[in-house]
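Asker:
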Amino acid sequence: MFDFEMVVGREILPETLEKMVEICDSDFVDIQALIRSFDKNDGTIKLMGLKESGFYHLLPRVKFLKASMKEALFMDVEEVKAMVLCGGNTWERWV
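Residue 859 in the working numbering is what sits at position 40 of the sequence shown, and the numbering runs on without skipping anything.
1) Please determine, among F893, V848, M888, the residue with the shortest C-alpha to C-alpha distance to E871.
2) Starting from the Cα of V848, find the closest Cα among K865, E897, T863, T835 and give me that residue.
3) Quick one: residues in its chain with C-beta nearer than 8 Å to the C-beta of V903, no 5 flanking neighbours on either side, listed in chain order?
4) Checking 8 Å against the spacing of the C-beta atoms, do E890 and I854 come in under that value?
5) Which stretch, first to last residue, makes up the alpha helix (DSSP H) that contains I854?
6) First and last residue of the beta strand (DSSP E) that includes K885?
7) Using DSSP with H/G/I as helix, E/B as strand and the rest coil, what is L866?
8) Go ahead and label A901 buried or exposed: buried means 16 or more other beta carbons lie within 10 angstroms of its beta carbon, across all protein chains shown.
9) Is V903 helix, strand or coil by DSSP?
10) Using 10 angstroms around the beta-carbon of I850, count the other beta-carbons present and answer buried if the total reaches 16, otherwise exposed.
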């Protein structure tokens, strides 16, 4: 068992995050790891909706989720706020 893991960037698959939340006590996830996609032709970065990302079903198992104001536009903040554990559902710690 690991103490914590931190996920950023979109270098992982949903299956990887699923395994990480199984073996780690605390999960610090930057939403860009979940909603960023890279164009296969020119490498430009685009943001997709959180529900379309393939990671949405894992949110109830994530303890801390970090999102910028720009990234928050790609999710229903109130819905996600209710789903993320936030170390005891303390929204202030979810910022």
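Don't be surprised by glycine CBs; every beta carbon is placed ideally from N, CA and C.
Answerer: So, from the data block:
1) F893
2) T835
3) L878, P879, V881, K882, F883, L884, W913
4) yes
5) 851-854
6) 883-885
7) strand
8) exposed
9) coil
10) buried
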